[in-house]
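Below is one structure, written out as structure tokens; the observations come after it.
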Amino acid sequence: MALLSLSQAHLAYGHWPLLDAADLSLEAGERVGLIGRNGSGKSSLLKVLAGLEKLDDGLLQREKGVRIVYVPQEPVFERNATVFEAVSEGVAEARDLRARFEAHAEGDDLDALQTRIEQLGGWTWEQRVDEALHRLALDGDRPVAELSGGYKKRVALAQALVAQPEVLLLDEPTNHLDLDAILWLEELLKNFEGSLLVITHDRAFLDAVCTRIVELDRGQLRGYPGNFAAFEAAKQRELENEALANARADKLLAQEEVWIRKGVEARRTRSVARIARLVKLREEHAQRRNLQGKAQLQVEVGERSGKLVAELDNVRKAFGERVIVDGLTATFLRGDKVGLIGPNGAGKTTLLKLILGELTPDSGRLQTGTRLTVAHFDQMRAGLDLDATLADTISPGSEFVEVGGQRQHVNSYMVNFLFSPARANSPVRTLSGGERNRLLLARLFARPANVLVLDEPTNDLDIETLDLLEEMLIDYPGTVFLVSHDRRFLDRVVTSTLVHEGPGRWREFEGSVQDWLTQSARAAAADKAAKKAEPPPAPAAAPVAPAAPKRKLSYKEQRELEALPSQIAALEAEQAQLQALLNGSELYTQGAARIAEVTARAGAIDDELLALLERWEALGG
Numbered sequence: 021m022a023l024l025s026l027s028q029a030h031l032a033y034g035h036w037p038l039l040d041a042a043d044l045s046l047e048a049g050e051r052v053g054l055i056g057r058n059g060s061g062k063s064s065l066l067k068v069l070a071g072l073e074k075l076d077d078g079l080l081q082r083e084k085g086v087r088i089v090y091v092p093q094e095p096v097f098e099r100n101a102t103v104f105e106a107v108s109e110g111v112a113e114a115r116d117l118r119a120r121f122e123a124h125a126e127g128d129d130l131d132a133l134q135t136r137i138e139q140l141g142g143w144t145w146e147q148r149v150d151e152a153l154h155r156l157a158l159d160g161d162r163p164v165a166e167l168s169g170g171y172k173k174r175v176a177l178a179q180a181l182v183a184q185p186e187v188l189l190l191d192e193p194t195n196h197l198d199l200d201a202i203l204w205l206e207e208l209l210k211n212f213e214g215s216l217l218v219i220t221h222d223r224a225f226l227d228a229v230c231t232r233i234v235e236l237d238r239g240q241l242r243g244y245p246g247n248f249a250a251f252e253a254a255k256q257r258e259l260e261n262e263a264l265a266n267a268r269a270d271k272l273l274a275q276e277e278v279w280i281r282k283g284v285e286a287r288r289t290r291s292v293a294r295i296a297r298l299v300k301l302r303e304e305h306a307q308r309r310n311l312q313g314k315a316q317l318q319v320e321v322g323e324r325s326g327k328l329v330a331e332l333d334n335v336r337k338a339f340g341e342r343v344i345v346d347g348l349t350a351t352f353l354r355g356d357k358v359g360l361i362g363p364n365g366a367g368k369t370t371l372l373k374l375i376l377g378e379l380t381p382d383s384g385r386l387q388t389g390t391r392l393t394v395a396h397f398d399q400m401r402a403g404l405d406l407d408a409t410l411a412d413t414i415s416p417g418s419e420f421v422e423v424g425g426q427r428q429h430v431n432s433y434m435v436n437f438l439f440s441p442a443r444a445n446s447p448v449r450t451l452s453g454g455e456r457n458r459l460l461l462a463r464l465f466a467r468p469a470n471v472l473v474l475d476e477p478t479n480d481l482d483i484e485t486l487d488l489l490e491e492m493l494i495d496y497p498g499t500v501f502l503v504s505h506d507r508r509f510l511d512r513v514v515t516s517t518l519v520h521e522g523p524g525r526w527r528e529f530e531g532s533v534q535d536w537l538t539q540s541a542r543a544a545a546a547d548k549a550a551k552k553a554e555p556p557p558a559p560a561a562a563p564v565a566p567a568a569p570k571r572k573l574s575y576k577e578q579r580e581l582e583a584l585p586s587q588i589a590a591l592e593a594e595q596a597q598l599q600a601l602l603n604g605s606e607l608y609t610q611g612a613a614r615i616a617e618v619t620a621r622a623g624a625i626d627d628e629l630l631a632l633l634e635r636w637e638a639l640g641g
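What follows is the structure, given as structure tokens:
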């Protein structure tokens, strides 16, 4: 039985339907990803399921007694609350009931109170809070107001988890989280025993966590079994079938339009049904024309920069005792697309300013290239005037923009970013978070630049716009520096990564984020194996013994060592084949059993590779 279900749900803001006779069910143990365009109504749907908003019409059913917890995009806490106090709000009913029981308040039915406290696990609520704080690496004594956005998200999740919900509703949980925190959250949710409904545009997160994808499109909810990769394959087949059906409908409409113009024959009584069909064909054609279009992103490159963008030799930068960069040597050339990866507060923005010559290093040599025209994407939207109109924000003081060598009216240019001309004079404050990000991209791409600095451009963007932004950056002939925690976005765009490995330590890796994660896992495994093989240190008082001679391998161990390189190579080749299958679409036409088989094998190979590498180290390879 479904824990939650919607039947024939209707919800509208003004004349715009967010839900239009929509149906949805959430079964026990399901992990559902809810996707859709910005402004399609995903957050409103989550609030309806949480009981915070009412439907205009339709039926919302919940299983009796089901505990539902909702975590919004931007959690709000009491101003002076500590982390412990904020998390304790997740067990507020149990806490308050136990306090009443212990106070023996006059008029209370102590037996009824005791029964309810036991139902809620209220006798041990402090231990549950402490366990959640430990699990989420939170300091219970610290004021919430001092925390970063990422740690406030952790507090909200802890508050939700201590309530032990059967249904967890999460709205954009990965926003403000760094890559390590996102990987941690994935593991947390994969082990969550209840049901999950999550809104996110992080495609790698959807792939890792979800067992079903639900798309909200023009008021309708459509479900697709499997993760996001399976959804993409199914959606592609749907679009191909829809295009074929539209072509057939257009051909039939053209034939019927010719027929209706014959006049006399069309007015015969037996032709009434045919005329009605023609009217319906015209309506369907008009609806297809009026569907929301696709974003079209194009950037004005301007003058070509010199071949060298920046060269750093043993560069150091610190602010007081805080070291941001220490001993970095790297070279960046025209056309490089560099991803910066590191925890929040590591100094990624400072490092970018250093690379581009906007800051002077404390020591070392820095050389910047010639003819650099830099355009910055503002992560915090600090540059947006909320009272300015959309048109003035994109092109202040002019009604025209020049993109790709062509002059274009600002209203026409806005359409490429899914803003209708009617909204040109609307103030920025009326836009949603995703729309403001789109507006920033429109402003950024309207200015000539041969170096793009994009600081978290993917936050709040819908998946379709993300795909188009990826394609634009891949084809962009200039240089890109990209700060993002969206692994799939980075994997598709970047040619190298700069990774934070500790205070002031940055290391450059060729390739994508996945390449870095694979290399890091292998290095960690090899380091672990090497440490296991080291003899324990001698006691301080004992005389230093001479180093023991290296143990001679047996014949069997020697043969095993010789075979390991070929076994590792074979596993890596199989891993590459499976990855190609998972990234393609053919696999998702072969049924759920085959998809599960390939996914399981891909996961098992990582463990087998690590085991072989550890064995190779142990044998002295």
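In this note's numbering, the protein residues as written are 21 to 641.
All C-beta atoms in this analysis are idealised placements derived from N, C-alpha and C, irrespective of residue type, glycine included.
For residue j and residue i, believed in contact at Cβ under 8 Å, the rounded distance
i	j	result
P185	V91	With 8 Å as the limit, P185 and V91 do not qualify as a contact, their Cβ atoms being about 10 Å apart.
K357	T515	5 Å
T413	L488	Not confirmed; about 20 Å, so no contact.
L404	R456	6 Å
L24	S64	Their Cβ separation, rounded to whole angstroms, is 15 Å, which puts L24 and S64 out of contact at 8 Å.
T102	D150	Their Cβ separation, rounded to whole angstroms, is 13 Å, which puts T102 and D150 out of contact at 8 Å.
E422	V430	Not a contact, Cβ separation roughly 11 Å.
F225	E206	6 Å
Endpoints, the alpha helix (DSSP H) within which residue i is located
i	result
T369	368-375
Q139	130-140
H429	Segment 426-429 is the beta strand (DSSP E) holding H429; no alpha helix (DSSP H) there.
T413	410-414
Residue i, buried or exposed, once every other Cβ within 10 Å from all chains shown has been counted against 16
i	result
T349	exposed
A123	exposed
H154	exposed
V96	exposed
L311	Residue placement at L311 cannot be trusted, given a pLDDT of 46 that sits under 50; the coordinates are not used to answer.
N100	exposed
W526	buried
P497	exposed
P585	exposed
G359	buried
A132	exposed
A567	In this predicted model, A567 has a pLDDT of only 45, less than 50, meaning its place in the structure is not dependable; the value taken from the coordinates is given anyway. When all chains shown are included, A567 counts as exposed.
Y244	buried
T499	buried
R268	exposed
R87	exposed
I202	buried
K368	buried
L365	It is Gly, not Leu, that sits at residue 365 in the sequence shown. Result: exposed.
Segment limits, beta strand (DSSP E) that includes residue i
i	result
G347	342-353
L39	36-47
W526	525-530
G389	Per DSSP, G389 belongs to no beta strand (DSSP E) and is neither H nor E.
Residue closest to residue i, alpha-carbon to alpha-carbon, out of the options
i	options	result
L236	L360, K173, L66	L66
R507	D535, L493, H520, G524	D535
R449	V421, N436, A408	A408
G61	R238, A112, E206	R238
K373	T388, F509, S108	T388
Q240	S27, Q147, L406	S27
L80	L438, Y433, A29	A29
E73	E83, T390, R87, L38	L38
Beta-carbon gap between residue i and residue j smaller than 8 Å
i	j	result
S168	E47	no
T370	K327	no
I13	G53	Here the chain covers residues 21 to 641 and nothing more, so residue 13 does not appear.
L197	K173	yes
G384	V335	yes
L209	R51	yes
G246	I615	yes
D482	G85	no
L386	L332	yes
P477	L451	no
Q93	D222	no
I137	A114	yes
V175	A106	yes
V503	D475	yes
L591	L639	no
E109	Q179	yes
Cutoff 8 Å: residue i Cβ touching any chain D Cβ
i	result
P497	Checking the listed chains, one finds no chain D in this structure; it contains a single protein chain.
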